[in-house]
Amino acid sequence: MTKRRQFLQGIGVIGAGGILADHILNPHAEVAASPVTTGVIPRRPLGKTGVEVSLIGLGGATLGQAKSKEEAIRITHEAIDNGINFMDNAWEYNQHRSEEWMGEALRGRREQVFLMTKVCTHGRDRQVAMQQLEESLRRLKTDHLDLWQIHEVVYDNDPEMIFRANGAIEALTQAKKEGKVRFVGFTGHKDPAIHLKMLAYNYPFDTVQLPLNCFDASFRSFEQLVLPELNKRGIAAIGMKSLSGNGDAVKKGVLTAREALSYVMSLPIATVVSGIDSLAVLRQNLAIAQGFQPMSPPQMQSLRDRCAQYAADGRFELFKTSKKFDADVGRIQHGFPPQSQMQS
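Counting in my numbering, the sequence shown runs from 68 upward without gaps.
Laid out in structure tokens, this is it:
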């Protein structure tokens with residue numbers, strides 16, 4: 068177990084829930100054959116926390132889908148060696164395998180990273196949330212988290228459940244008071260109105276995780292409705308789903324992965340979470356981040372205009388329009404069947 072301390076390093080990430088690099092979507096794209104050792108990943112302030120995080124980070128959901136634990140450890144080590152220090156995870160990812168593998172990978176390296184995981188009670192109970200925290204700490208092999216977020220606030224009644232007496236918000240307050248977590252936040256991908264409902268409680272969140280991509284501007288836009296409010300309050304914005312969750316837009320040639328990631332990284336965010344399940348994907352994303360130059364406003368508008376004709380019905384943002392991206396824990400608690408029982 069590491070001792071609690073201020074960590075001055077953090078990271079920025081590419082897109083929570085799944086970033087696919089150019090070579091995965093374009094078989095002719097070049098892939099680095101050896102570890103990337105040149106270039107610097109930009110760092111940005113994590114809101115008002117006093118911590119700086121790098122612009123690309125390591126997503127826990129896909130790390131737990133690597134071909135083996137050994138591969139996941141290699142991915143994590145190479146990411147850290149090349150400047151990535153924001154580690155994303157969640158209590159429920161891959162039946163807890165994501166936290167277990169990341170914990171193994173961080174043996175002896177905990178102080179080099181900014182470690183985040185998420186509580187998955189969906190607001191039901193403070194005691195359950197605290198129990199999940201202890202389980203996450205054990206699997207991640209640490210005595211504290213840098214950031215603990217409420218996972219997947221995606222149902223209309225989630226804010227009320229979170230803020231009710233004995234709800235999950237009390238667990239965040241308790242954990243921060245006890246020194247088990249440094250900072251707290253929440254995540255969600257369904258509707259900006261739900262994010263705004265959470266923010267209306269005026270709780271002192273340090274971070275908020277939200278989907279951001281080129282299509283978002285034309286359909287239930289988190290960029291237009293939520294991001295300005297976060298910036299106004301000094302709350303760190305953590306981007307995710309920069310390739311719209313599954314990369315279909317890139318596969319169909321609407322835009323390239325480099326364009327998609329560059330767009331999100333050009334927004335006023337702290338970091339963007341990237342789904343990385345192999346060394347090849349890691350190296351491709353490192354190359355994009357290390358060579359990143361912010362897009363100009365006209366360039367960003369041109370990309371939004373190109374995507375607008377595909378965006379109005381949410382076809383490339385199924386995490387907003389379906390339950391296919393909703394995790395089983397929250398789905399079952401709200402009366403919906405698990406993914407295994409859903410019709411395709």
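Every residue, glycine too, gets a C-beta built ideally from N, C-alpha and C.
Next item on the list: Count the other C-beta atoms from every protein chain shown that fall within 10 angstroms of the C-beta of ASP213, then say buried if there are 16 or more, exposed otherwise.
Entry: Its Cβ being crowded by 16 or more others within 10 Å, ASP213 is buried.
Notebook entry, point to check: For ALA316, does the three-state DSSP call read helix, strand or coil?
Noted result: In the structure shown, ALA316 sits in a helix (DSSP, three-state: H, G or I).
Margin query: Please list the terminal residues of the continuous beta strand (DSSP E) segment that includes ALA133.
Written below: First-last for ALA133: undefined, no H or E at that position.
Next item on the list: With THR188 as the anchor, note down where its alpha helix (DSSP H) starts and where it stops.
Entry: In the DSSP annotation of this structure, THR188 is not part of any alpha helix (DSSP H), being labelled neither H nor E.
Margin query: Checking 8 Å against the spacing of the C-beta atoms, do ALA304 and LEU297 come in under that value?
Written below: Taking 8 Å as the Cβ cut-off, ALA304 and LEU297 qualify as a contacting pair.
Next item on the list: Give every residue of the same chain whose Cβ lies closer than 8 Å to the Cβ of ASN269, excluding the five residues on either side of it in the sequence, and list them in chain order.
Entry: Result list for ASN269: empty, nothing under 8 Å.
Checklist line | Rounded straight-line distance, which links the Cα of GLU201 to that of GLN400 | finding: The straight-line gap from Cα to Cα measures roughly 21 Å.
Next item on the list: For LEU294, collect the residues of the same chain with a Cβ closer than 8 Å to its Cβ; drop the 5 residues on either side in sequence, then sort them by chain order.
Entry: Listed in chain order, the non-local C-beta contacts of LEU294 below 8 Å within the same chain comprise LEU277, LEU279, ALA304, LEU334, PRO335, ILE336, local neighbours out to five positions each way being set aside.
Notebook entry, point to check: Hey, how far is the Cα of LYS136 from the Cα of THR129?
Noted result: The straight-line gap from Cα to Cα measures roughly 12 Å.
Margin query: Going residue by residue through the region 110–169, where are the continuous beta strand (DSSP E) segments of at least 3 residues, counting only ones entirely within it?
Written below: The region 110–169 contains these whole beta strand (DSSP E) runs: 110–112, 119–121, 123–125.
Margin query: Nearest by alpha-carbon distance to ALA232: which of GLN194, HIS211, SER203, LEU204 is it?
Written below: A check of alpha carbon separations from ALA232 across GLN194, HIS211, SER203, LEU204 identifies GLN194 as the nearest.
Notebook entry, point to check: Which residue spans inside the region 229–255 form an unbroken alpha helix (DSSP H) run of at least 4?
Noted result: Annotation note: the region 229–255 contains the following uninterrupted alpha helix (DSSP H) runs of length 4 or greater, listed N- to C-terminal: 235–244.
Checklist line | Residues bridged to VAL339 [DSSP beta-bridge criterion] | finding: VAL339 pairs with ILE123, GLY306.
Item checked: VAL340 versus PRO259 - alpha carbon distance -> Taking the straight line from one Cα to the other gives about 19 Å.
Next item on the list: Counting only the same chain and skipping the five closest in sequence on each side, list residues whose C-beta sits under 8 Å from that of SER165.
Entry: Only GLY127, ALA128, LEU130, GLY131, ASN156, ALA157 meet the Cβ criterion.
Check: Which residues in the same chain have their Cβ closer than 7 Å to the Cβ of CYS281, if we skip the five residues on either side of it in sequence?
Finding: Cβ contact annotation for CYS281 (same chain, cutoff 7 Å, sequence separation greater than five): LEU322, ALA327, TYR330, LEU370, ARG371, CYS374, in chain order.
Notebook entry, point to check: In the structure shown, what three-state DSSP assignment does ILE355 receive?
Noted result: Three-state DSSP puts ILE355 in a helix.
Check: When you compare only the Cα positions, how much space is there between ALA267 and GLY301?
Finding: Cα to Cα, ALA267 sits roughly 15 Å from GLY301.
Next item on the list: For LEU182, collect the residues of the same chain with a Cβ closer than 7 Å to its Cβ; drop the 5 residues on either side in sequence, then sort them by chain order.
Entry: Around LEU182: MET154, LEU207, THR209, LEU212, ASP213.
Next item on the list: Ignore the nearest five residues each way along the sequence and tell me which others in ALA346's own chain have a CB closer than 7 Å to its CB.
Entry: The question names Ala, but residue 346 in the sequence shown is Leu. Listed in chain order, the non-local C-beta contacts of LEU346 below 7 Å within the same chain comprise ARG141, ILE142, GLU145, local neighbours out to five positions each way being set aside.
Check: Distance, Cα to Cα, LEU349 vs ILE343?
Finding: Straight-line Cα distance between these residues: approximately 6 Å.
Note to self: Does LYS308 pass the burial test, meaning 16 or more other C-beta atoms within 10 Å, or should it be called exposed?
What the structure shows: It counts as buried.
Notebook entry, point to check: Going by beta carbon distance, what residues of the same chain come within less than 6 Å of ASP283, once the five residues before and after it are set aside?
Noted result: Cβ neighbours of ASP283 beyond the five flanking positions: PHE289, GLU290.
Margin query: Using a Cβ-Cβ cutoff of less than 7 Å, which residues in the same chain neighbour PRO112 once the five nearest sequence positions on both sides are dropped?
Written below: Close CB contacts of PRO112 within its chain, under the 7 Å cut and outside five residues either way in sequence, are with GLU119, ALA337 (chain order).
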